[in-house]
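Trainee:
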Amino acid sequence: MSLSAKEDAYWSRDARQLLAELGSSEQGLSTELAGERLSAARQGSLRSEPDRQALRLFAHQFRSPLVLILLFGALVSLVVHDWRVIVKSGGWRSGRIPV
């Protein structure tokens, strides 16, 4: 963090100056002003492609090597366990597969 970034950090500045910059007061915003700001924020936050963003976020979860290792281990465990149970019970010969 550069020196200028530290000087501009909101927690290190005077509260009255910040309130003036934000257009607020010590009592907070009026109901009308809060409604206007909320409406403006909602309009600016609309996205044209929310499905694509959600898919990208889901795919991003699998970039971690730890997640991939856990998924691989779960898959191996699932495969080995199922085969071991089927072979042990003779389910592959009798046509019944235990649950």
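Whatever position you read off the sequence shown (first residue = 1), add 17 for the working numbering. Note that the Cβ used here is the ideal one computed from N, Cα and C, for glycine as well. No experiment lies behind these values; they were computed from the predicted model shown.
(1) Kindly indicate which three-state DSSP category residue 26 falls into: helix, strand or coil?
(2) Let me know the secondary structure DSSP gives residue 68 once reduced to three states.
(3) Between residue 72 and residue 79, is the Cβ-Cβ spacing less than 9 Å?
(4) Please confirm whether residue 29 and residue 36 have their CB atoms less than 9 Å apart.
(5) When you compare the CB positions of residue 59 and residue 46, do they come within less than 9 Å of one another, or not?
Mentor: Taking the definition as stated:
(1) coil
(2) helix
(3) Taking 9 Å as the Cβ cut-off, residue 72 and residue 79 do not qualify as a contacting pair.
(4) no
(5) Residue 59 is not a Cβ neighbour of residue 46, given a cutoff of 9 Å.
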